[in-house]
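*Asks:* Mind having a look at this structure? Questions to follow.
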Amino acid sequence: MNKIIGARVAIVTPKPQTTRHRILGIHTTEQAQMIFVDTPGIHKGKRQLNKNMVRIAYAAAEEADVLAIMQDASRPLDHITARLISRFAENNLRQPRIHILNKVDKMDKALLLPRLQEIQTLDPTAKAFIPLSAKKGNQVDGFLKTLIEYLPEAEADYDADWYTDQSQRQLAAEYVREQVFLAMHQEIPFQTAVDIEVFKETAKGLHIEAVILVGSESHKPMVIGKSGEKIKRMGITARKGLETLFDQHVDLRLWVKIDSGWFDHPMKLEDLGLGTGF
Ligand SMILES: Nc1nc2c(ncn2[C@@H]2O[C@H](COP(=O)(O)OP(=O)(O)O)[C@@H](O)[C@H]2O)c(=O)[nH]1
Ligand SMILES: [Mg+2]
Numbered sequence: 023m024n025k026i027i028g029a030r031v032a033i034v035t036p037k038p039q040t041t042r043h044r045i046l047g048i049h050t051t052e053q054a055q056m057i058f059v060d061t062p063g064i065h066k067g068k069r070q071l072n073k074n075m076v077r078i079a080y081a082a083a084e085e086a087d088v089l090a091i092m093q094d095a096s097r098p099l100d101h102i103t104a105r106l107i108s109r110f111a112e113n114n115l116r117q118p119r120i121h122i123l124n125k126v127d128k129m130d131k132a133l134l135l136p137r138l139q140e141i142q143t144l145d146p147t148a149k150a151f152i153p154l155s156a157k158k159g160n161q162v163d164g165f166l167k168t169l170i171e172y173l174p175e176a177e178a179d180y181d182a183d184w185y186t187d188q189s190q191r192q193l194a195a196e197y198v199r200e201q202v203f204l205a206m207h208q209e210i211p212f213q214t215a216v217d218i219e220v221f222k223e224t225a226k227g228l229h230i231e232a233v234i235l236v237g238s239e240s241h242k243p244m245v246i247g248k249s250g251e252k253i254k255r256m257g258i259t260a261r262k263g264l265e266t267l268f269d270q271h272v273d274l275r276l277w278v279k280i281d282s283g284w285f286d287h288p289m290k291l292e293d294l295g296l297g298t299g300f
């Protein structure tokens with residue numbers, strides 16, 4: 023989505039479950055307006071947060087006109103992914119399905135054809151099977167061409183200069199969380215959320231104060247780092263990213279608060295924009 027839109031509207035890290043919400047990425051060309059609905063991945067998880075994330079993903083699939091189902095083709099097809107694909111195939115959904123085999127840049131080319139056949143066997147009525155590299159951009163145009171063929175005719179929903187439905191405030195929270203996900207390990211990122219407490223336009227630009235919620239006492243010093251080194255670095259990188267995205271000066275301040283169990287409290291999740299009501 024970022025590659026297509028040409029801006030970082032969705033945060034990206036190597037960790038699973040980085041995406042927690044339903045995020046729109048809007049791409050308008052002379053031919054069409056494509057509104058991508060990025061969702062959390064389908065995964066297992068006992069926490070309320072994870073249950074919400076999976077519900078968000080399935081709900082988004084229902085509202086879409088086309089389903090683009092993306093898999094990491096550089097890793098062997100596991101049985102959970104295979105089952106998911108056959109379930110999409112068997113459900114006789116009204117939407118056309120396009121399978122995207124991503125990360126071909128880091129896969130052995132000899133494995134591509136058998137992989138394509140494997141997916142085709144699981145979902146024979148899918149409209150297309152497209153190998154591409156989101157990272158390098160290879161075949162992303164090919165995917166868009168195919169996608170346009172299956173879009174219904176309708177008025178554009180958004181003005182041509184819109185590229186996401188997220189507010190600057192939400193994007194700020196996401197950019198901070200991205201840095202936490204990149205810098206922290208094991209359980210810490212999964213028990214972290216970011217809450218924007220102050221968001222103001224000033225004469226100089228934007229003034230943003232964000233609180234990093236951590237899941238336990240022991241996580242706090244890890245996020246802060248020795249004499250504040252870690253949190254400072256995260257703040258600088260997030261600020262730079264936001265300045266590029268917003269094209270204005272950003273003053274970003276970060277704090278850490280302990281909030282054990284936020285990821286299991288339905289009300290708290292709603293407050294953080296992680297509920298299922300969108
Ligand atoms: N090599 C390679 N890595 C990719 C490609 N697309 C995504 N990635 C990496 O895969 C990881 C997960 O990407 P992300 O967009 O966060 O996936 P999500 O968890 O499904 O939202 C990140 O480290 C990306 O840089 C690709 O085409 N090639
Ligand atoms: Mg994502």
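The opening residue of the sequence shown carries number 23 in the numbering used here; numbering runs sequentially from there.
We treat Cβ as the ideally placed atom computed from N, Cα and C, and that holds for glycine.
All values derive from a computational prediction rather than experimental measurement.
1. Would DSSP call E209 helix, strand or coil?
2. Use the C-beta contact count for H43: other C-beta atoms within 10 angstroms, 16 or more gives buried, fewer gives exposed.
3. With a floor of 4 residues, list each alpha helix (DSSP H) that falls wholly inside the region 85-132, ordered by position along the chain.
4. Using only the heavy atoms of ligand 2, determine whether one of them is closer than 6 Å to the beta carbon of A225.
5. Verify whether the separation of the beta carbon atoms of Y8 and I48 is less than 7 Å.
6. Could you tell me if the beta carbon of T41 falls within a distance shorter than 6 Å of some heavy atom in ligand 2?
7. If we count the other Cβ atoms within 10 Å of its Cβ and call it buried at 16 or more, is V59 buried or exposed?
8. In its own chain, which residues sit with a C-beta less than 8 Å from the C-beta of M134, not counting the 5 before and 5 after it?
9. Within 10 angstroms of the Cβ of P36, are there 16 or more other Cβ atoms? Answer buried if so, exposed if not.
10. Rounded to the nearest angstrom, how far is the Cβ of L264 from that of L274, given a contact under 8 Å?
11. Ligand 2 and A7: does the residue's C-beta get closer than 6 Å to at least one heavy atom of that ligand?
12. Helix or strand or just coil, what does DSSP make of V278?
13. Measure how close the beta-carbons of V216 and A232 come, nearest whole angstrom, since I'm counting them as under 8 Å.
14. Would you tell me roughly how many angstroms separate the C-alpha atoms of R69 and A225, rounded to the nearest one?
15. Our contact map puts I120 next to A90 with C-beta atoms below 8 Å; I'd like the distance itself, whole angstroms only.
*Replies:* Let me spell this out:
1. Coil.
2. Result: buried.
3. 101-112
4. Distances from the CB of A225 to the heavy atoms of ligand 2 are all 6 Å or more.
5. Missing from the structure shown is residue 8; the chain here goes from 23 to 300 and no further.
6. yes
7. buried
8. In the sequence on display, residue 134 carries Leu and not Met. Same-chain partners within the cutoff: A95, L123, V126, P153.
9. Using a 10 angstroms sphere on the CB of P36, the tally of other CB atoms stays under 16, which defines it as exposed.
10. 7 Å
11. Limits of the chain in this structure are 23 at one end and 300 at the other, which puts residue 7 out of reach.
12. strand
13. In this structure, V216 and A232 form a Cβ contact; the two beta carbons are roughly 6 Å apart against a cut-off of 8 Å.
14. 42 Å
15. Confirmed, about 5 Å.
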